[in-house]
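Chemist:
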Amino acid sequence: TGGSMGSVVGEKIARLGQRSLEKKWPLILVSASGGARMQEGILSLMQMPRTTIAVQMLKDAGLPYIVLHTDPTTGGVTASYAMLGDVHIAEPGSLIGLSGPRVIENTIRAKLPEGFQRAEYLLDHGMIDVVCHRKDLKTTLGRLLRLLTKAPAAVQRAEPEAANDVEALPMLQAAQSVPPSQPGVILQDQA
2 TGGSMGSVVG EKIARLGQRS LEKKWPLILV SASGGARMQE GILSLMQMPR TTIAVQMLKD
62 AGLPYIVLHT DPTTGGVTAS YAMLGDVHIA EPGSLIGLSG PRVIENTIRA KLPEGFQRAE
122 YLLDHGMIDV VCHRKDLKTT LGRLLRLLTK APAAVQRAEP EAANDVEALP MLQAAQSVPP
182 SQPGVILQDQ A
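Position in the sequence shown (first residue = 1) + 1 = our numbering.
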């Protein structure tokens, strides 16, 4: 997601969750948002439970849900789908939280700890599972998907220079060969 969460984003996430459920695919959601779309009023706020229900349906079906937090991930998305992942990955330095640091400082009238609400701080405090630079994301996601979907490890390394991770190589190769119109095929082939 990007920008702010309104009824269109809520609809897209609900449909994405339904498609993942129908196809039995894990869901990877990238979040970059300033929160709920204020111009839509209550319709925007209604997307918080709607997206939460979509995520819960995936969990009930035993399908993995991975969230990648980018900068910023704030507001209503952190009070709904963005903080419900089985695994939370954040890009270095990403701001993640319900309200921004200035709002919190003004409310509590106190100085916050250095790096408060940044990815590294949240990792140190157990709110994020992994801080991963975008250039390392393919390898990290390959490992996670293999682990969460119980896909077999690689038997041999076909192209040594293609990746640093022998175990993630088959999934990375498969991902490169899948047309954009067929997401999730790599997981079916690896299972």
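The beta-carbon is built from N, C-alpha and C at its ideal position, and this holds for glycine as well.
Quick caveat: nothing in here was measured; it's all calculated off a predicted structure.
So, are the CB atoms of Thr74 and Ala83 less than 8 Å apart?
Modeler: yes
Chemist: Return the residue from the list Phe117, Val10 and Ala120 that minimises the CA-CA distance to Pro50.
Modeler: When only C-alpha atoms are compared, the closest one is Val10.
Chemist: Evaluate Gly7 with the Cβ neighbour count: other Cβ atoms within 10 Å of its Cβ, from every protein chain shown; 16 or more gives buried, anything less gives exposed.
Modeler: buried
Chemist: Between the Cα of Gly36 and those of Arg16, Lys60 and Leu96, spot the shortest distance and give me the residue it belongs to.
Modeler: The residue with the shortest Cα to Cα distance from Gly36 is Leu96.
Chemist: With DSSP run on the structure shown, which of helix, strand or coil describes Asp87?
Modeler: coil
Chemist: May I have a chain-ordered list of the beta strand (DSSP E) segments no shorter than 3 residues that lie completely inside the stretch 57–135?
Modeler: List check, beta strand (DSSP E) in window: 66–75 and 88–91.
Chemist: Which of the three DSSP states, helix, strand or coil, is assigned to Met49?
Modeler: Helix.
Chemist: Compute the beta-carbon to beta-carbon distance between Pro102 and Val132, rounded to the nearest angstrom, for a pair I have assumed lies under 8 Å.
Modeler: Actually they do not touch by this definition, with Cβ atoms about 18 Å apart.
Chemist: Would you give the residue range spanned by the beta strand (DSSP E) that Pro37 belongs to?
Modeler: Looking at the sequence provided, one finds Ala at residue 37 rather than Pro. Unbroken beta strand (DSSP E) run through Ala37: Leu28 to Ala37.
Chemist: Got a sec, what are the start and stop residues for the alpha helix (DSSP H) Lys13 sits in?
Modeler: Lys13: member of the alpha helix (DSSP H) spanning Ser8 to Lys24, first to last residue.
Chemist: Can you grab the Cα-Cα spacing for the pair Asp87 / Leu123, in whole Å?
Modeler: 16 Å
Chemist: Can you say whether Val104 is buried or exposed, counting buried as having 16 or more other CB atoms within 10 angstroms of its CB?
Modeler: exposed
Chemist: Can we say the stretch 107–116 touches the stretch 136–145, given the rule of at least three CB pairs closer than 8 Å?
Modeler: Judged by Cβ distances under 8 Å, the stretch 107–116 makes no contact with the stretch 136–145, as fewer than three pairs qualify.
Chemist: Out of His126, Ile54 and Pro65, which one is the CA nearest neighbour of Thr150?
Modeler: Pro65
Chemist: Can you grab the Cα-Cα spacing for the pair Ile109 / Gln118, in whole Å?
Modeler: 15 Å
Chemist: Rounded to whole angstroms, how far is the Cβ of Leu30 from the Cβ of Val68, which I believe are closer than 8 Å?
Modeler: 5 Å
Chemist: Could you tell me the boundaries of the alpha helix (DSSP H) in which Gly143 lies?
Modeler: Taken as a continuous stretch (DSSP letters only), the alpha helix (DSSP H) holding Gly143 covers Leu138 to Thr150.
Chemist: Figure out for me which residue from Leu44, Leu148, Ala33 and Ile129 has the closest Cα to the Cα of Val78.
Modeler: Ala33
Chemist: Please work out which residues of its chain come closer than 6 Å, Cβ to Cβ, to Leu44, disregarding the five sequence neighbours upstream and downstream, and give them in chain order.
Modeler: Ser8
Chemist: Does Arg147 pass the burial test, meaning 16 or more other C-beta atoms within 10 Å, or should it be called exposed?
Modeler: buried
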